[in-house]
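Take the sequence shown: its letters are residues 1374 to 1521, numbered as in this note's numbering. Note that CB positions come from ideal geometry on N, CA and C, so glycine has one too. Every value quoted in this text rests on a predicted model; they were computed, and no experiment measured them. Written below as structure tokens is the structure these notes are about.
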Amino acid sequence: MPYAVFASLALFMGVLLATYLPVLSQSGRLVGSPILANVPFYFFGLVTSAMLAVAAGNRMDDFARLRELPGWMFLTGVVSALMILGSTFLIPRIGPGAFFVLLVAGQIMTGAVLSHMGWLGAPVDPIGLRKLAGLGLVMLGTGLVAWR
């Protein structure tokens, strides 16, 4: 597939993320607990993931291979829960615009470091002057949009 298709999919994922986190925030307000609002999120996430895996051709033997993952990798579930809880707490307080600009800026900065170092299996992509200037512009833009 051409790069433009992948880039368009990534952009669409951003649209989905910008939609679903405020919905989760609202559900936390409706049920009176952001923690309780996580429960259906993870239940439907699990069911959807399992259904997509089966639709993609995975079988029970494939699911059993999940046991081969190092235990620390399951901490991503904890990170996911904290992300959801954080969004349900922060979006009503700082607004979705500031929240997402700060969220994306954090991702960009972290992604640059991960790529620079080649950590977590990322392809090595050193931070040069051009990229450093771009990261500075990201932070400047973040400040202009998010700080009151």
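My guess is that residue i and residue j are in contact by the Cβ rule of under 8 Å, so how many angstroms apart are they, rounded?
i, j, result
"residue 1401", "residue 1483", "Contact flag wrong, Cβ pair sits at about 25 Å."
"residue 1489", "residue 1500", "5 Å"
"residue 1519", "residue 1474", "5 Å"
"residue 1469", "residue 1391", "7 Å"
"residue 1517", "residue 1485", "Not confirmed; about 20 Å, so no contact."
Less than 8 Å separating the beta-carbons of residue i and residue j?
i, j, result
"residue 1464", "residue 1398", "yes"
"residue 1512", "residue 1471", "no"
"residue 1505", "residue 1495", "no"
"residue 1411", "residue 1377", "no"
Just verifying my parser: in three-state terms, what is the DSSP assignment at residue i?
i, result
"residue 1510", "helix"
"residue 1503", "helix"
"residue 1431", "coil"
"residue 1420", "helix"
"residue 1456", "helix"
"residue 1406", "coil"
"residue 1521", "coil"
"residue 1425", "helix"
"residue 1390", "helix"
"residue 1497", "coil"
"residue 1397", "helix"
"residue 1374", "coil"
"residue 1468", "coil"
"residue 1443", "coil"
Would you please verify whether the beta carbon of residue i is less than 8 Å from any beta carbon of chain B?
i, result
"residue 1431", "You won't find chain B in this structure, because it holds only one protein chain."
Validate contact between the region 1434 to 1450 and the region 1380 to 1396 using beta carbons, cut 8 Å, 3 pairs: no
query: Does the region 1393 to 1407 come close enough to the region 1456 to 1471 to have 3 or more Cβ pairs within less than 8 Å?
result: yes
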